[in-house]
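Encoded as structure tokens, the structure appears first; notes follow it.
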Amino acid sequence: MLWLAVHLPDLPLEALGQDPAATEPVAISEGQSLVRVNRAAAGGGVQPGQTPSEARALLPALRLHPRQTDAEANALHHLADWAYQFSSQVSPQAPDGLLVETGGSQRLFGGHAVLHQRITQGLEALGYSHRTGAAPTPTAAWLLARADAREVITDPAALPDALGALPVAVLDLPPAQHQALTGLGLWSLGDCLALPRRDLARRFGAQLLLRIERALGERPDPRASHSPATRFHRYLELPDEAHDAQSLGFALQRLLRELAGLLRGLEGGAQELALDLHHRHQPPTELVIGLLRPARDPEHLLTLCQHRLDRTPLAAPVTALCLRVENILQLPPESVALLPDHEADTGAAHWQLAERLGARLGEDAVTGLSTAADHRPERAWRTTSEPATTAHPPFGERPFWLLANPEPLPVEHGRPCWHGPLRLECGPERIETGWWDGHDVSRDYYHARNPQGSRLWIFRERRGTGAWYLHGVFA
Amino acid sequence: MSNAVDELLRESRIWRAGDNHDRGDCLPSGFAELDAALPGGGWPNGALTELLHANPGIGELQLVLPALARLSRTGRWIALVAPPQIPYAPALAAHGVDLSRLLLVHPRAGSDTLWALEQAMHSGSCAAVLAWPRRAGDKQLRRLQLAAETGRCWGLLFRDATAAQERSPAALRIALQGEVDTDTRVDLLKVQGGQPRQGLRLNLNNPRTRSLPVPASPEPATRQPESATRTRAPEASSARVRDGIGQMQLPLGPRRPRTLQPLP
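Chains as they are written, first to last, in the working numbering: chain A, 989 to 1463; chain B, 6 to 269.
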């Protein structure tokens, strides 16, 4: 068993979409004291624990936001969903931490160092600043993460020494108990461990002893396992209003990476993404991006969303984004052949191409083609969205190009003309049908050639005027 | 001194007459004369081919349909980007193109057309991409050429005959000219790795099916002698129907059917 603990110290800021490394000073306040400040504010002298008026006196340009614990809990919940792709045992540590059991899956990822690196890189890509620690017991890992020890302890026997070096502040005790410990001269966990256990419990409470024993592995430490959601519903506020589609790219990337983590953990794919753009004074704009096949690659999904956003004019500046995936479909793993075969690999590439073209040009701009069983030439074909294999043998030679509307031809000296008098070559082929739906036709079709050598498909109306029309070109 | 000559010969700007790139990757066109004139024995795969013609309907698509029909059955796709008219599905099916592998793309703006072409050629899932660009500059054509190479795609551009004067990085440029009484004239303006060739005549523009002429007068149709420049194999002839007034005459031999008088 090897547990990786992740401590997210800046979660109050990040849950509201604020970047801890931004240049503007921002602080989060709860009640009458500051809970967390970003680096710019800390540089100006503002510290957690001060009152808002003190802070504003020190730094007039400071922006204060009230703390939103439900946003933080939501962010932590989604982060636990995202971490499900790395391990089947994920346990959120309220209010600002995550415990991931990596011992079971480290072999799949190639060793615990590689797995830990992937997790930390993923957290950076999602925009969370983090401190990590790894140990055989979850409590010990959490203590190491709180102290930012950056150690990986794989041997339970080394735990007492490693934990001994940590200060007692990592235990997160109430201030009175903390003061009592330091008053006795116990500054590090090693000092606590040196005392007899029963006396420690009697003096400071059984809870403290239980925690220490759990950290050392002497008592069992069960953790509730997080079960991932079956839908994805994530609301992200933007730090500043976005006026065009480019500025939404960063936030969209974060949302899609979280979605990709959940989909990978569930071995599923998304076929329909619903993206809501929230505005300040207007109802949200809803966009639906549909895919031809379920997919979970975040880069591909980002390309599709960006193309779709480019096509949509923004009615008002966007203040927040919400990404919803209601159905997570099973995505079977791809089976690759043993020998490289160029032809067989193109299936997925083709669907991605069709999706990309559809996202930028419009869903109805990309179609397939099929024949239909009808003698009337204008109805003998149709566009399809799925590839169709219907075989309807034509009865005569048909032109490659069909005009959408038959073009009337002027008649000179009794011959129809199209850039010159036409010479009839084959025909007539009589098509007389379609009485049942009111679009009946009665025409005689001929092959004709004009003086430049173009071969045309023309017809003559049998009813009414007997006029000549051009219907197709033999290319 | 020999060093200077060697260096000069190694430069890529110099082309030596004995240099024939052996491109193993060629698509047989289905026309023996054309294949004989092309290096590699067929259409260049992974490169652009330009077909220039002043008038529509002279057989420009008949020239490429045999190769397209074969490509549509290999498992990859054929994309038609911004076709000027409706590509008629029964005609394509009759020529052997697998319709389930056809992709029609209708961009709205001109800039979208070039982007769609590049995406389709680059993706590697399209074996052939057909386009009818109205304007294509040298730089844009170079990008398309690069995309076709990356995606191993046969890029076909149908352009107006006036584009013959412009420079183009296409590997093969063909000019087509329709004639009224003879076969279509095919000129190879630029052949990469081979010699340009003028004056090929290919039977591209003749009715394929047996026509059903109604005789204007009750006399039976006279049989015209077979022309010597015919390159297609004669169609399977069926037994001659007994001549008679009102019976259908099937022209078994003549390449050019008898012209008809238009009905009053």
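Where is the CB? At the ideal position from N, CA and C, for every residue including glycine.
Cβ-based burial, residue i [other Cβ within 10 Å; buried from 16]
i	result
H1118 (chain A)	buried
P225 (chain B)	Caution applies to P225 (chain B), whose pLDDT of 33 falls short of 50 and renders its modelled position unreliable; the value that the coordinates give is listed next. The residue is exposed, with fewer than 16 neighbouring Cβ atoms inside 10 Å.
Q1167 (chain A)	exposed
P1238 (chain A)	Checking the sequence shown, residue 1238 (chain A) turns out to be Phe, not Pro. Exposed, since its Cβ has fewer than 16 Cβ neighbours within 10 Å.
W991 (chain A)	buried
W1175 (chain A)	exposed
W1423 (chain A)	exposed
S1358 (chain A)	buried
A238 (chain B)	Because A238 (chain B) carries a pLDDT of 37, less than 50, the predicted location of this residue cannot be relied on, and no value is offered for it.
P212 (chain B)	buried
N8 (chain B)	exposed
S242 (chain B)	Unreliable positioning characterises S242 (chain B) in this predicted model, as indicated by a pLDDT of 34, which lies under 50. The coordinate reading is nonetheless provided below. When all chains shown are included, S242 (chain B) counts as exposed.
L1326 (chain A)	exposed
A221 (chain B)	Note on A221 (chain B): pLDDT 40, under 50, position unreliable in the model; no value is reported.
A1303 (chain A)	exposed
S1213 (chain A)	exposed
H995 (chain A)	buried
D1031 (chain A)	In the sequence on display, residue 1031 (chain A) carries Gly and not Asp. Looking at its Cβ environment, which holds fewer than 16 other Cβ atoms inside 10 Å, G1031 (chain A) is exposed.
E1060 (chain A)	buried
Neighbouring residues, chain A, relative to residue i (Cβ below 9 Å)
i	result
N208 (chain B)	Within 9 Å Cβ-Cβ: nothing; N208 (chain B) doesn't reach chain A, min ~12 Å.
L135 (chain B)	Neighbours of L135 (chain B) on chain A: none; closest Cβ ~11 Å, over 9 Å.
Partner residues on chain B for residue i, Cβ-Cβ distance less than 8 Å
i	result
P1439 (chain A)	V185
L1279 (chain A)	In chain order: nothing, as chain B lies at least about 16 Å away.
T1371 (chain A)	L109
L1391 (chain A)	Q90 and I91
Cross-chain neighbours of residue i in chain A, by beta carbon under 8 Å
i	result
R113 (chain B)	L1349, G1350 and A1353
A74 (chain B)	In chain order: nothing, as chain A lies at least about 13 Å away.
V110 (chain B)	L1345, L1349, A1353 and V1354
Q124 (chain B)	L1341, R1344 and L1345
D117 (chain B)	R1348 and L1349
L194 (chain B)	Going along chain A, no residue has its Cβ under 8 Å from L194 (chain B), so there is no contact; the nearest lies around 19 Å.
Whole-angstrom C-beta distance between residue j and residue i, which should lie under 8 Å
i	j	result
C1293 (chain A)	I1277 (chain A)	6 Å
L109 (chain B)	G1346 (chain A)	In fact, because the Cβ distance is near 12 Å, the residues do not count as touching under 8 Å.
T1127 (chain A)	R1199 (chain A)	6 Å
T1090 (chain A)	L1103 (chain A)	5 Å
G46 (chain B)	V1461 (chain A)	With a Cβ gap of about 30 Å, G46 (chain B) and V1461 (chain A) do not count as contacting.
N1026 (chain A)	L1001 (chain A)	6 Å
A1189 (chain A)	L1197 (chain A)	4 Å
Contact set between residue i and chain A, taken where Cβ atoms lie within less than 7 Å
i	result
S130 (chain B)	T1334, A1337, H1338 and L1341
W82 (chain B)	H1338
D11 (chain B)	Residues of chain A passing the Cβ test: none, with the nearest at roughly 38 Å.
G62 (chain B)	S1442, R1443, L1444, V1461, F1462 and A1463
A121 (chain B)	L1345 and L1349
L274 (chain B)	Since the first residue of chain B shown is 6 and the last is 269, residue 274 (chain B) is not available in this structure.
Within 8 Å, strictly: CB atoms of residue i and residue j
i	j	result
E154 (chain B)	A72 (chain B)	no
R1281 (chain A)	W1339 (chain A)	yes
L1181 (chain A)	V1156 (chain A)	no
R206 (chain B)	R190 (chain B)	yes
T1120 (chain A)	A1101 (chain A)	no
R202 (chain B)	L193 (chain B)	yes
L1087 (chain A)	A993 (chain A)	yes
P1305 (chain A)	H1231 (chain A)	yes
E1417 (chain A)	G1384 (chain A)	yes
L1075 (chain A)	G1092 (chain A)	First, the amino acid is wrong: residue 1075 (chain A) is Ser here, not Leu. Yes; because the gap between Cβ atoms is below 8 Å, this pair is in contact.
T1300 (chain A)	L1275 (chain A)	yes
R1055 (chain A)	V1023 (chain A)	yes
N50 (chain B)	R157 (chain B)	yes
L1130 (chain A)	Q1081 (chain A)	Rather than Leu, the amino acid found at residue 1130 (chain A) in this sequence is Trp. Their beta carbons are under 8 Å apart, which means W1130 (chain A) touches Q1081 (chain A) by this criterion.
Under 7 Å by beta carbon: chain B residues contacting residue i
i	result
F1388 (chain A)	L66, P92, Y93 and A96
L1297 (chain A)	The premise fails here: L1297 (chain A) is roughly 16 Å from chain B at the closest Cβ pair, so nothing lies under 7 Å.
H1288 (chain A)	Correct list: empty, because the minimum Cβ distance to chain B is about 12 Å.
Proximity test, Cβ basis, 8 Å: residue i and chain E
i	result
E1400 (chain A)	Here chain E cannot be found, since the structure's protein chains are A and B.
Closer than 9 Å at the beta carbon, the chain B residues around residue i
i	result
H1231 (chain A)	What H1231 (chain A) touches in chain B: nothing, since even the nearest Cβ is about 23 Å away.
Item to check | Three-pair Cβ contact test at 8 Å for the stretch 1212-1224 of chain A versus the stretch 1304-1319 of chain A | outcome: Flag = yes, the stretch 1212-1224 of chain A and the stretch 1304-1319 of chain A touch.
Item to check | Validate contact between the stretch 1034-1051 of chain A and the stretch 1187-1205 of chain A using beta carbons, cut 8 Å, 3 pairs | outcome: The stretch 1034-1051 of chain A is not in contact with the stretch 1187-1205 of chain A.
Item to check | At least 3 beta-carbon pairs within less than 8 Å: the stretch 93-110 of chain B vs the stretch 40-58 of chain B | outcome: Output reads no: the stretch 40-58 of chain B does not touch the stretch 93-110 of chain B.
Checklist entry - Are the stretch 1140-1152 of chain A and the stretch 1223-1239 of chain A touching, with three or more C-beta to C-beta distances below 8 Å? => result The stretch 1140-1152 of chain A makes no contact with the stretch 1223-1239 of chain A, as fewer than three CB pairs between them are under 8 Å.
Item to check | Cβ contact check for the stretch 1431-1451 of chain A and the stretch 1398-1413 of chain A: 3 or more pairs under 8 Å | outcome: At 8 Å Cβ cutoff, the stretches touch.
Item to check | the stretch 76-83 of chain B / the stretch 1446-1456 of chain A touching (three or more Cβ pairs under 8 Å) | outcome: Contact between the stretch 76-83 of chain B and the stretch 1446-1456 of chain A is absent, because fewer than three Cβ pairs lie under 8 Å.
Checklist entry - Within the chosen definition, does the stretch 115-132 of chain B reach the stretch 1390-1397 of chain A through at least 3 CB pairs nearer than 8 Å? => result Using a Cβ-Cβ distance cut-off of 8 Å, the stretch 115-132 of chain B and the stretch 1390-1397 of chain A are not in contact, since fewer than three pairs of beta carbons, one from each stretch, lie closer than that value.
Checklist entry - Below 8 Å, can you find three or more Cβ-Cβ pairs linking the stretch 137-147 of chain B to the stretch 95-102 of chain B? => result Because the criterion of three Cβ pairs below 8 Å is not met, the stretch 137-147 of chain B and the stretch 95-102 of chain B do not touch.
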